[in-house]
Amino acid sequence: MTVVQTTTEERLSGLRVWQREAFEEYFRREPRDFLAVATPGAGKTTFALTLASELLQRRTVRAVTIVCPTEHLKKQWAEAAARFGIPIDPDFRNGQGALGRQYTGAAVTYAQVAAHPMLHRNRTEARKTLVIFDEVHHAGDALSWGDAAREAFDPATRRLSLTGTPFRSDVNPIPFVDYVQDAAGVRRCSWDYSYGYGPALADGVVRPVIFMAYSGEMRWRTRAGDELAARLGEPLTQDALSQAWRAALDPKGDWIKRVLQAADRRLTEVRKTHPDAGGLVIASDHENARAYSRILRQITGKGATVVLSDDPTASKKITRFANGDDRWMVAVRMVSEGVDVPRLMVGVYATSTSTALFFAQAIGRFVRVRKRGEVASVFLPSVPTLLDFAGEMERERDHVLDRTPGDDEYPEEELLKEARKKRDSPDAGEELPFETMEASAEFDRALFDGAEYGGIPGSTEEEDFLGLPGLLEPQQVAQLLRKRKDQIKAGEIKARKRQEEPAAAEGSTHEVLADLRRELSGLVGAWHHRTGKPHGVIHNELRRACGGPPVAQATPEQIRERIAKLRTWAVGGR
């Protein structure tokens, strides 16, 4: 099949500024190898296919091979290439040997290349070939994959490497990527063009992300019969953190149910301005994924699309969800990297995977903008590592070779193996199997643009964050959050002043009663939004729980008791 004939200017029209700059940088030097780093959602595919179209038009190359991490991405690339008039076979199999004459090239996986590198070498030698490595860091997932990629594509006329995360937790070198020694003699990967999340956010190319972190009390019993407890969000040993984290994600506990409920309420708010907005839950294993789907059915009345790593129909499910308007999809770990669904605007990070690489890939599922002003929201456990990653969204990372991986790092090839297991092992190491006895959840803090907006148990703060409009520019989000933070600080100052007033004066002034009634009224309003119960019903329940007359006749101490009781309810107490 002949490539569609277009001029260079026609191919460049409509490109984003960074895509045009990268294109011009490439043809300024025309190197054999070129590494383009661009944040997820920035448009790496469009850039690569524009470049491929130009090289084919100039007859610099006559064929294209696209190497992807997953089967689903092969089909996505083939569909995108077709829009550029480049026929790509996404169903090419090693067993067929030759490519059909109607195709300009094929899309294959890294695993497929590793299974028969000489076959792909022969194909590469037969015609002048451009090889596009999608998410090239995966070529280092195992030494055998890297060796196979080198053997298969060493004869390529041109090689274009793409990634949104040019770093790895291990020290496996990435094929066809240059490593340059810094002043300390450490070899770091060197890219030819980079476009990070910060610049992309400023250009309106990606969405801003608000992270909603939840803490809570966890209790579990080990196989030995020991009962242990910890509070997620407080300083813990690595083992205690691992077990508390696992208890939080346990579908039998209330933590994940509470967080999924909050995420669905956020999705409802977002769908007021984006009726087809969807949510994605990233689960640790198959068992949890199915359980989360059942919880979502209880919350929404509808089941979620469940995508498992070993499901042969996974690609069709993703496509169907992407083209529909269903609320939720649940995916297992590494499947998330193959999920390219621009309508995903709410996420739940319900996995114990804690590498910077996976976190960046996961969050990349939610930043793909459709129009300016879209805001993404991601819910996650209050785990220090995850909070650090969330606070460093704009930080550029690279792949360092000359170092020893830390004990707390989790090599990506192990993630691939673990993702396919029915039972997940948290990253912090081996721990005794246990039974979750309690897993309560409470809003801890929100993170946006590197700043934290701390939660106050029992306050209306969570409601404010969940109710943020789904259509805001980044600066508007920051402005709203700063305003809310100032209001909280002013309230804290006012509360401290009240506490410092003499007790006798406090109990005798109508101003104190008025302030307490307003505070109780605000909390009752927040509880109404959470539960849907009428205000009067809530007041009656408080009277039954605490005793005393109606609010109008209650003493300051009786109102304080009801305020305390309502705050206890808000964090899952009785």
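Quick note: the sequence shown uses the working numbering, first residue 1, plus one each step. Glycine included, each C-beta is placed from N, C-alpha and C at the ideal position.
Quiz item: Which class does Ser215 belong to by DSSP, given the choice of helix, strand or coil?
Solution: Three-state result, Ser215: strand.
Quiz item: chain E beta carbons: is any one of them nearer than 8 angstroms to that of Ser242?
Solution: Going by chain labels, chain E is absent from the structure shown, which holds only one protein chain.
Quiz item: Does the Cβ-Cβ distance between Phe465 and Met212 come in under 8 angstroms?
Solution: Contact: yes.
Quiz prompt | Nearest-angstrom Cα separation, counted from Asn323 out to Gly522 | solution = Each residue's alpha carbon lies about 41 angstroms from the other.
Quiz item: In three-state terms, what does DSSP make of Glu462?
Solution: If DSSP states are grouped into helix, strand and coil, Glu462 belongs with the helices.
Quiz item: CA-CA distance, Asn288 and Asp154?
Solution: Each residue's alpha carbon lies about 42 angstroms from the other.
Quiz prompt | Counted within 10 angstroms of its Cβ, other Cβ atoms place Pro502 as buried (16 or more) or exposed | solution = Here Pro502 scores only 48 on pLDDT, less than 50, and its place in the model should not be relied on; the value that follows carries that caveat. Burial call: exposed.
Quiz item: Between which two residues does the alpha helix (DSSP H) carrying Tyr110 extend?
Solution: Per DSSP, Tyr110 belongs to the alpha helix (DSSP H) from 110-115.
Quiz prompt | Element boundaries [beta strand (DSSP E), containing Tyr103] | solution = Tyr103 -> no beta strand (DSSP E), and no H or E assigned at all.
Self-check item: Environment of Arg343 [buried if 16+ CB atoms lie within 10 Å]
Solution: Answer is buried; the Cβ neighbour count reaches 16.
Quiz item: Anyone know if the C-beta pair for Val330 and Val378 falls short of 8 angstroms?
Solution: No, Cβ-Cβ distance for Val330 and Val378 is not below 8 angstroms.
Exercise. Assuming Ala38 contacts Gly164 (C-beta within less than 8 angstroms), just tell me the rounded distance between them.
Key: Contact holds; Cβ gap of about 6 angstroms.
Quiz item: Three-state secondary structure (DSSP) at Leu236?
Solution: Coil.
Quiz item: Along the chain, where does the beta strand (DSSP E) that runs through Thr65 open and close?
Solution: Note, Thr65: beta strand (DSSP E), 63-68.
Exercise. Give the DSSP bridge partners of Phe133, in chain order.
Key: As a beta-bridge residue in DSSP terms, Phe133 pairs with Val67, Ser161.
Quiz item: In the structure shown, what three-state DSSP assignment does Glu442 receive?
Solution: Reduced to three states, the DSSP call for Glu442 is strand.
Practice problem: Per DSSP, which residues does Val220 bridge with? Please list them. | Solution: Per the sequence shown, residue 220 should be read as Trp rather than Val. Leu228, Thr436, per the DSSP bridge assignment.
Practice problem: Could you give the DSSP three-state label for Thr305: helix, strand or coil? | Solution: In the three-state reduction of the DSSP assignment, Thr305 falls in the strand class.
Quiz item: Should Ala564 be labelled buried (16 or more other beta-carbon atoms within 10 Å of its own) or exposed?
Solution: By the Cβ neighbour-count rule, Ala564 is exposed, with fewer than 16 other Cβ atoms within 10 Å of its own.
Quiz item: Secondary structure at Phe256, three-state DSSP: helix, strand or coil?
Solution: Sequence check: residue 256 is Ile here, not Phe. Helix at Ile256.
Practice problem: With distances taken Cα to Cα, identify the nearest neighbour of Arg294 among Asp311, Gly225, Lys257. | Solution: Nearest neighbour of Arg294 by Cα position, chosen from Asp311, Gly225, Lys257, turns out to be Lys257.
Quiz item: Quick one, are the C-beta atoms of His72 and Ser315 less than 8 angstroms apart?
Solution: For the pair His72 and Ser315, the CB atoms are nearer than the 8 angstroms cut-off.
Exercise. Note down, in chain order, each residue of its chain lying with its Cβ closer than 6 angstroms to the Cβ of Tyr103, except the 5 sequence neighbours on either side.
Key: Taken in chain order, the residues that qualify are Pro87, Asp89.
Self-check item: Burial state of His120 (16 or more Cβ within 10 Å)
Solution: Buried is the call here.
Quiz prompt | Cβ-based neighbour list, Glu561, same chain, cut-off 7 angstroms, excluding 5 preceding and 5 following | solution = Cβ neighbours of Glu561 beyond the five flanking positions: Cys546.
Quiz item: What are the boundary residues of the beta strand (DSSP E) that Thr34 is part of?
Solution: Residue identity check: residue 34 is Phe in the sequence provided, not Thr. Segment 33-38, the beta strand (DSSP E) holding Phe34.
Quiz item: Any idea what DSSP makes of Glu374, helix, strand or coil?
Solution: Glu374 falls in the strand class under three-state DSSP.
Quiz item: Between Leu468 and Trp527, is the Cβ-Cβ spacing less than 8 angstroms?
Solution: No.
Quiz prompt | Limits of the alpha helix (DSSP H) - the one that Trp569 falls within | solution = Its alpha helix (DSSP H) spans residues 556-570.
Quiz item: Mind checking Thr7: buried by the 16 CB within 10 Å criterion, or exposed?
Solution: Thr7 comes out exposed.
Quiz prompt | Ala376 beta carbon less than 8 angstroms from that of Val367 | solution = Yes, these two residues count as a Cβ contact at 8 angstroms.
Exercise. Assign Gly253 to buried or exposed, taking buried as 16 or more other Cβ atoms, counted over all protein chains shown, within 10 Å of its Cβ.
Key: Looking at its Cβ environment, which holds 16 or more other Cβ atoms inside 10 Å, Gly253 is buried.
Quiz item: Quick one: Cα of Leu56 to Cα of Trp328, how far?
Solution: Their backbone Cα atoms lie some 41 angstroms apart in a straight line.
Quiz item: What does a CB cutoff of less than 7 angstroms around Arg32 pick up in its chain, not counting 5 residues either side in sequence?
Solution: The answer, listed in chain order, is Arg158, Arg159.
Quiz item: From Phe321 to Val306, what distance separates their C-alpha atoms?
Solution: As the crow flies, the alpha-carbon of Phe321 is around 10 angstroms from that of Val306.
Quiz prompt | beta strand (DSSP E) segment containing Val332, residue limits | solution = Note, Val332: beta strand (DSSP E), 328-332.
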